[in-house]
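Under the numbering used here, the first residue of the sequence shown is numbered 74, with each subsequent residue one higher.
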Amino acid sequence: MNPSIKPFLNCSLFQNIPDNIIEEVLSEAEVTIYKPGQKLIEKGTVPSGLFIIESGTASIYNEDILLAELGSMAIMGESFLADGIATATILAKDDLKAVEIKKDKFYSLSQKYPALVFNIFTINFQRLRNSNNAALQEARTREEKLEQLVQIRTKELNETMEELKTTNNELSITRDNLIETQKFRDQFLANMSHEIRTPMNAIVGLTNLLTKSPLTELQDKYLKVIKKSGENLLVIINDILDLAKIEAGKMELENVPFPLISVIHNVQVILNLKTEEKGIAFNTDIDPQIPEYVFGDETRFTQVIMNLAGNAIKFTEKGAVTISAKLLDIDGDYYEIRFGVKDTGIGIPADRIEKIFESFGQASADTTRKFGGTGLGLTISKQLVEMHDSRLQVTSTKNVGSEFFFVVRYKVAAAPQSDELDAMGQAFDVSDKIILLVEDNEFNQMVAVDTLQDLFPGIKVDIAENGTEAVAKVEANEYSFILMDIQLPDFDGFEITRRIRKMNKLDLRICAMTASVTKERVDECFEAGMNDYMMKPFSPDVLREKVIRNING
């Protein structure tokens, strides 16, 4: 072993990396000595490469607030993988020796040695978990403080009626504080979710690219762990976002035909692996009179059933979990249906029934330690059920089991024409089709182009990295379809679309690619002149549908 690489064996970047590869990586790096106070990374800029602290200490600042300190063998600057800007400034606390691997060199090395990317995933996942735990702990602490404050005020009112006027004034002040705290909480949740999504975008994109490359058995095993961990983190992030949207009144239910019975069976298929691993039965009990298709919101109904069934499986060690759907009444085209999820799990103590529906609430602290979870799933499910003009209820006996149930009135819908999209796809000729992809992120470009060419072999894809380039390409070329990112470096996708429409390109269909599909954002897409929208990150099936439907008009 080269003695010079020995200290780097403790660096997380080089975990399970052979010595010769470590030597090669270090040979491509630059060594710099930083004096106290000297800047390594500046907030708001894309890091020039990956930094490894060989000796000394680095301080992380947001404005003039010290957030953390990093010591020997810590890595910094990995946000450049997604062309992400640094969210904090990093300075040398004392004399600091750092090894820097420039962006281009790291891309080249990571192609040769994918294990380097796996190790960065591991480091980022740990940071994401720490950030998420800190966010949840902060939210819990604030709620506890609010509860204590309300208890103190209530006690004062009961103890002294003579001070009613004074107490009322204090309550008014407390109410204002609660409103401000709620606003802060909503903003805090939104900001935290955004900060967590930034590295998640890089992780999701790189994971999808790695699945298309040759992998060893060990690397394939690691990749599956990364994908599973990413899915779990996205569930938590989406729970936080959904809770914030519901409480802000920004979530609306769709009312379109969807396959009710198929949704229940799909949930069973998705969660069946978990029940098999635990050795418990997973059943469905669906009334044969229930219609196959109804009008409603498939996504939110699925979310509720998935949450309830997932919880039931989590808290059941033996026996069975059953999803039921029972017809209660028929009134013309309207069917009143009782949906339930029953288990033979640990049950819920009677004095904790109401607590479980509160944000971050679980049956006990021991439940959180043993089974995990954020305590947001039931809160979100309860509020989604209430948006359906219903109420989520529960019956439970400790150590016997529980059943969560609700009643919804659905209007029956006709089944759609089968195989419509498949027929369109079979007749879809891509030989003369050119798609313009307007996207500034290098990794997102790779993911979109590779997926398009995999779905439609022979299709041509042109890329514009900013709005100016996009407008120039549309003016000079004839395109079949445009996939338009919303956030771009010079001006946004809405402005680009408006400029294209002013060029009399009225028949050219444009589909927005956006991380937010709130009603306000969707309305903004259509008002700007777009024809469709697609949420990022997208699945290949969704991308296929958007391309076929838009190009076929």
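Here a beta-carbon is modelled for each residue, glycine too, at the ideal position from N, C-alpha and C.
If you compare alpha carbons, which of V394, E409 and A393 is closest to L400? E409
With C-beta atoms as the reference, is I126 less than 8 angstroms away from L169? Contact flag set, yes.
Distance between I148 and T541 (C-alpha atoms, nearest Å): 36 angstroms
Classify S437 as buried or exposed, calling it buried when 16 or more other Cβ atoms lie within 10 Å of its own Cβ. Below a pLDDT of 50, predicted positions are generally treated as unreliable, and S437, at 47, falls in that range; the measurement from the model is reported next regardless. The residue in question, S437, is exposed, as its Cβ has fewer than 16 Cβ neighbours within 10 Å.
The alpha helix (DSSP H) spanning P330 covers which residue range? Premise fails: P330 lies in the beta strand (DSSP E), V329 to P332, not in any alpha helix (DSSP H).
Tell me whether I252 is buried or exposed, calling it buried when 16 or more other Cβ atoms sit within 10 Å of its Cβ. exposed
Coil, strand or helix - L251 by DSSP: For L251, the three-state secondary structure derived from DSSP is helix.
What is the DSSP secondary structure of T227, reduced to helix, strand or coil? helix
Between the alpha carbons of L154 and D513, how many angstroms are there, rounded? 13 angstroms
Using DSSP with H/G/I as helix, E/B as strand and the rest coil, what is D527? helix
Three-state secondary structure (DSSP) of E358: In the sequence on display, residue 358 carries Asp and not Glu. In the structure shown, D358 sits in a strand (DSSP, three-state: E or B).
Measure the C-alpha to C-alpha separation of N380 and V615 and round it to an integer number of angstroms. 23 angstroms
Any alpha helix (DSSP H) of 4 or more consecutive residues that is wholly inside the segment 84 to 171: 92 to 100
If you draw a straight line from the C-alpha of I555 to the C-alpha of L525, how long is it? 13 angstroms
Following the continuous beta strand (DSSP E) through Q560, name the residue where it begins and the one where it ends. Q560 -> no beta strand (DSSP E), and no H or E assigned at all.
Which same chain residues end up closer than 7 angstroms to A486 when comparing Cβ atoms and leaving out the 5 residues on each side of it in sequence? P330, Y366, V367 and F368
Endpoints, the beta strand (DSSP E) within which V534 is located: Counted as a single uninterrupted DSSP element, the beta strand (DSSP E) harbouring V534 occupies residues K533 to A537.
Pair within 8 angstroms by beta-carbon distance, F479 and L451: no
Alpha carbon to alpha carbon, what distance is there between V481 and F87? About 55 angstroms.
Span separating the alpha-carbon of V342 from that of S100: 50 angstroms
Cβ atoms of L113 and A161: under 8 angstroms apart, would you say? no
So which of S286, L465, T247 and E548 has the shortest CA-CA distance to N577? E548
Do V377 and V473 come within 8 angstroms of each other at the CB atom, strictly closer than that value? No, these two residues do not count as a Cβ contact at 8 angstroms.
Give me the Cα-Cα distance between R226 and N242, rounded to the nearest whole angstrom. Cα to Cα, R226 sits roughly 11 angstroms from N242.
So which of A102, S183, T118 and A398 has the shortest CA-CA distance to T280? S183
Using the three-state DSSP reduction, which class does G413 fall into: helix, strand or coil? Strand, per DSSP.
To the nearest angstrom, how far is it from the Cα of V223 to the Cα of T239? Cα to Cα, the separation comes out at about 16 angstroms.
At what residues does the beta strand (DSSP E) containing S469 begin and finish? Taken as a continuous stretch (DSSP letters only), the beta strand (DSSP E) holding S469 covers Q466 to T470.
Buried or exposed: where does K443 fall if 16 or more other Cβ atoms within 10 Å of its Cβ makes it buried? Caution is warranted here: a pLDDT of 46 is assigned to K443, below 50, making its placement in the model unreliable, and the coordinate value is therefore given only provisionally. K443 is exposed by the Cβ-count criterion.
Between M586 and M557, which are expected to be in contact by the criterion C-beta below 8 angstroms, what is the C-beta distance as a whole number of angstroms? 6 angstroms
Going by beta carbon distance, what residues of the same chain come within less than 6 angstroms of L291, once the five residues before and after it are set aside? none
Can you tell which of G150, L288, L140 and K609 has the C-alpha that lies nearest to the C-alpha of P120? G150
Beta-carbon gap between I403 and S469 smaller than 8 angstroms: Contact: no.
Please report the straight-line C-alpha distance between L509 and I133, rounded to a whole angstrom. 40 angstroms
May I have the straight-line CA-CA distance separating T247 from L288, to the nearest angstrom? CA-to-CA, the gap between T247 and L288 works out to about 59 angstroms.
Buried or exposed: which applies to N192, given that a residue is buried once 16 or more other Cβ atoms fall within 10 Å of its Cβ? buried
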